[in-house]
Amino acid sequence: MAFWDWADRREHERLTSRVQQLETVVQELCRRLDLDASALLEQSTGASERVRRLAADGRKIEAIRVHREETGLGLADAKAVVDRL
Numbered sequence: 001m002a003f004w005d006w007a008d009r010r011e012h013e014r015l016t017s018r019v020q021q022l023e024t025v026v027q028e029l030c031r032r033l034d035l036d037a038s039a040l041l042e043q044s045t046g047a048s049e050r051v052r053r054l055a056a057d058g059r060k061i062e063a064i065r066v067h068r069e070e071t072g073l074g075l076a077d078a079k080a081v082v083d084r085l
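Here the sequence shown is numbered in full-length UniProt numbering, starting from 1 and rising by one per residue.
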């Protein structure tokens, strides 16, 4: 069992490192192309920065409520968006 715990931890560390590298690349591309990364993220997810922040903070119910207010979506659709964040 300890081996799998170690292997899982190593995989998590590897993936975390890769995500950080990719985030750095995206930030640099946005800077060079004079793009607003938060606006691009909002377009791709359909969620505002406020909703993304609430979801990231673990406040999913509030994120769903705010997303519904901002977009007029129904409960199931707003929940689906927040669940994808």
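Beta carbons: idealized from backbone N, C-alpha and C, even for Gly.
As assigned by DSSP and simplified to three states, the class of residue i
i     : result
Ser17 : helix
Asp34 : coil
Unbroken alpha helix (DSSP H) run spanning residue i, endpoints
i     : result
Leu75 : 75-84
Arg68 : 60-71
Ala47 : Note, Ala47: premise wrong, no alpha helix (DSSP H); not H, not E.
Distance between beta carbons of residue j and residue i, contact taken as under 8 Å
i     : j     : result
Ser48 : Glu70 : 6 Å
Thr24 : Arg84 : About 23 Å separates the two Cβ atoms, so there is no contact after all.
Span separating the alpha-carbon of residue i from that of residue j
i     : j     : result
Val82 : Ala7  : 30 Å
Leu35 : Gln43 : 13 Å
Leu75 : Ile61 : 10 Å
Leu40 : Asp5  : 37 Å
Arg14 : Leu22 : 12 Å
7 Å Cβ cutoff, residue i in contact with chain C
i     : result
Val66 : Looking for chain C here will not work: only one protein chain is present.
Contacting residues, own chain, Cβ-Cβ under 6 Å from residue i (five flanking each side not counted)
i     : result
Val51 : Ala63, Val66, His67
Same chain only: Cβ atoms within 7 Å of residue i, ignoring 5 sequence neighbours per side
i          : result
residue 86 : This structure gives no information on residue 86, because the portion of the chain shown stretches from 1 to 85.
Leu54      : Glu62, Ala63, Val66
Cβ-based neighbour list, residue i, same chain, cut-off 8 Å, excluding 5 preceding and 5 following
i     : result
Ala56 : Leu85
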